[in-house]
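Mind the numbering: the sequence shown is residues 252 to 369 in our numbering, read in order.
No residue lacks a Cβ here, since even glycine has one placed at the ideal position from N, Cα and C.
Below: the structure, in structure tokens.
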Amino acid sequence: MIGEISGIQGNSRETVQSFCDSGLDFSISTGAIQKVVDLVSQAIVPHYERIEECARNTRIKHIDETIWKNEGDLHWIRVMTNTVVAFFVLHANRFKKAFERLVGRWTGILISDNYVVY
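Laid out in structure tokens, this is it:
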């Protein structure tokens, strides 16, 4: 849960610390919160890489992107899906480099909304 509210939700370490102290009735340092986030991030790397591989190695893929605001900065979250997995990549722009990061070296059929980069 600490990794989720600090990572996915984007709350500061201090906000998470305050929540744990007042809402869950236990104290935790900001350093310990960061350690949890780092451990969870490391633990999911093999799963993320397997999802990426599965998404890229299927014959038919669907892709799309949408806006993702990160501390007020505009980013784009891109997704490549098939009937088994959904692979997400966050990128600072919407252009060709971001598309290439998403699809890598792929073959097959790519289904999209016909955005010019695709």
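Counting every other CB atom within 10 Å of its CB across the protein chains shown gives Leu353 a total of 16 or more, marking it as buried.
For Val340, the uninterrupted beta strand (DSSP E) segment begins and ends at Ala337 to His342. DSSP, read as helix, strand or coil, puts Thr332 in strand. Looking at the backbone, the Cα of Phe339 and that of Val368 are separated by about 17 Å. Residue burial is scored here from C-beta neighbours: Glu300 has fewer than 16 other C-beta atoms within 10 angstroms and is therefore classed as exposed. CA-to-CA, the gap between Gly323 and Asp276 works out to about 32 Å. Taken through DSSP and simplified to helix, strand or coil, Leu325 comes out as strand. Annotation: the continuous alpha helix (DSSP H) that includes Leu290 extends over Thr281 to Arg307. When secondary structure is reduced to three states using DSSP, Leu361 falls in the strand class.
Taking 8 Å as the cut-off, the Cβ atoms of Val267 and Ile284 count as close.
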